[in-house]
Amino acid sequence: MLRLNVDDLKQEIAHFDVFRTAGRLRSAQGIVRARLRTAVGDMCHILRSDGRTVPGEVIGFDGATAQIMPYETTDGLEPDATVVGMGRKLRIPVGRELLGRIINALGRPIDGGHLRARQWSTIQTGTPSPLERPPIETPFVTGQRVIDGLLTLGKGQRVGLFAGSGVGKSTLLGEIAKSASSDLNVIALVGERGREVRPFLEECLGPEGLARSVVIVSTADQPPLLRIRATQTAVTIADHFRSHGADVLLLVDSLTRLAMAQREIGLLMGEPPSARGYTPSVFQMLSNVLEQLGTSAHGSITGICTVLVDGDDMDEPVADNVRAVVDGHIVLSRRLA
7 MLRLNVDDLK QEIAHFDVFR TAGRLRSAQG IVRARLRTAV GDMCHILRSD GRTVPGEVIG
67 FDGATAQIMP YETTDGLEPD ATVVGMGRKL RIPVGRELLG RIINALGRPI DGGHLRARQW
127 STIQTGTPSP LERPPIETPF VTGQRVIDGL LTLGKGQRVG LFAGSGVGKS TLLGEIAKSA
187 SSDLNVIALV GERGREVRPF LEECLGPEGL ARSVVIVSTA DQPPLLRIRA TQTAVTIADH
247 FRSHGADVLL LVDSLTRLAM AQREIGLLMG EPPSARGYTP SVFQMLSNVL EQLGTSAHGS
307 ITGICTVLVD GDDMDEPVAD NVRAVVDGHI VLSRRLA
């Protein structure tokens, strides 16, 4: 008797690409350029001569030439290679099936298990209307007595955790994730060193913290677009839970590495550099990410985002910009650490 998993079939049909376009590779210098009719944000596949495909995403245009940022290294790409436009944007899994799981920037599990998600979503970049944001009135308990007693947070507040390297930002985030009064946690590890991910999961977060968390990981060796997508994937997942009435804690470590990733792309795209080489799109993106957090008519996203202060200079561009956007600031002292 033939046995079919109807849910799996529905999922495959929903993600089936019915229309694709194809073009030819023109150059590969950090950004891949191809003559291809597609839209900004669409997924692409670049076909290598050995039969493998390199996935990427359209990030801009120059005339009729699409500018594509690969999700992998450009090693093995050849002139006139076929570039196939998928005709759709990146879709990531959302929902309670993600709790306790560790995924990459594209929403794929990296913890060795299979993910059976029932709901999928495109990356969310829109912000709630200012008139739909209820005021912050309810205290948010972090479980850290020094914060709850002296720097009390509210549900839906956006807080910057400012510190130099090696002061204890990641350890504090793990302790908050285990003890916070949120319904669940969404944690984005952006640009982390690969060797630091497992100690954070096992020692800082622990089994009890992981069980009520979704962890998105993009390590420092990955292309800049994946580091950006890791943050946006985390915000999209958190927004899904908020829209269903949950009080979500979003932890991002760190906004500085997110800004560095956007700086790489901005310079490759020809944007003019400003202070310390940061391009204008960096500060626009930081504001967009932070403005997606907060309260809504249904639930809340309380955001605690670390800022790696360059040279312990609190007036460096990223720290200065984030400080102006968030609702509160926590500064860790190197002397006390």
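For the sequence shown, our numbering assigns the number 7 to the initial residue and increments by one for each residue that follows. Cβ atoms here follow ideal geometry from the backbone N, Cα and C, with glycine treated the same way. Since the structure is predicted, the reported quantities are computational estimates derived from the model, not experimental observations.
Item	Value
If the criterion is Cβ atoms closer than 7 Å, does the pair Ile52 and Ala28 meet it?	no
His250: which of His304, Ala123, Ser339, Val313 sits nearest, CA to CA?	His304
Below 8 Å CB to CB, which residues in the same chain sit around Arg39 once its five sequence neighbours on both sides are set aside?	Leu31, Arg32, Ser33, Asp68, Thr71, Ala72, Gln73, Ile74
My output table needs one value for Ala45: the three-state DSSP class, helix, strand or coil.	coil
Decide if the segment 144 to 153 is in contact with the segment 112 to 119; the criterion is three or more beta carbon pairs, one per stretch, under 8 Å apart.	no
Restricting to Cα atoms, I'd like to know which of Glu209, Thr133, Lys161, Trp126 is closest to Pro141.	Lys161
Can you find the residues in the same chain that come closer than 8 Å, C-beta to C-beta, to Asp318, ignoring five residues on each side of it along the sequence?	Gly170, Arg340
Does the segment 232 to 249 come close enough to the segment 177 to 193 that 3 or more CB-CB pairs lie under 8 Å?	yes
Tell me Leu53's beta-bridge partners as DSSP assigns them.	Thr59
Taking only three categories from DSSP, how would you classify Pro323?	helix
If you check the beta carbons only, do Thr237 and Val324 fall under 7 Å apart?	no
Could you pull the start and end residues of the beta strand (DSSP E) that Glu198 belongs to?	190 to 198
Given the structure, does Cys50 come close to the ligand HEM, in the sense that its CB is under 6 Å from one of the ligand's heavy atoms?	Here there are no bound small molecules, and the ligand HEM is not part of this structure.
If you reduce the DSSP assignment to three classes, tell me which class Val332 lands in.	coil
List the residues that DSSP assigns as beta-bridge partners of Ser33.	Arg39
By Cβ distance, which residues of its chain are closer than 6 Å to Ile307, with the 5 residues on each side in sequence left out?	Ala244, Arg248, Val254, Leu256, Leu299
If Arg164 and Gly309 are in contact, beta carbons under 8 Å, what's the gap, nearest whole angstrom?	4 Å
Within the same chain, show all residues whose beta-carbon is closer than 7 Å to that of Met92, passing over the 5 residues directly before and after it, in chain order.	Asp23, Arg26, Asp48, Met49, Cys50, His51
Alpha carbon to alpha carbon, what distance is there between Asp259 and Cys311?	6 Å
Report the rounded CA-to-CA distance for Ser280 versus Val288, giving the unit in angstroms.	10 Å
Consult DSSP for Ile95 and reduce its assignment to one of helix, strand or coil.	Correcting the residue type first, residue 95 is Lys in the shown sequence and not Ile. Strand.
Using 8 Å as the Cβ pair cut-off and three pairs as the minimum, do the segment 209 to 226 and the segment 96 to 111 touch?	yes
Below 7 Å between beta carbons: does that hold for Gln125 and Val100?	yes
Within 10 Å of its beta-carbon, does Ser135 have 16 or more other beta-carbons around it, so buried, or fewer, so exposed?	exposed
Along the chain, where does the beta strand (DSSP E) containing Pro76 start, and where does it finish?	71 to 76
To the nearest angstrom, report how far apart Gln150 and Val241 are at their CA atoms.	24 Å
What is the residue span of the beta strand (DSSP E) that Gln125 lies within?	125 to 128
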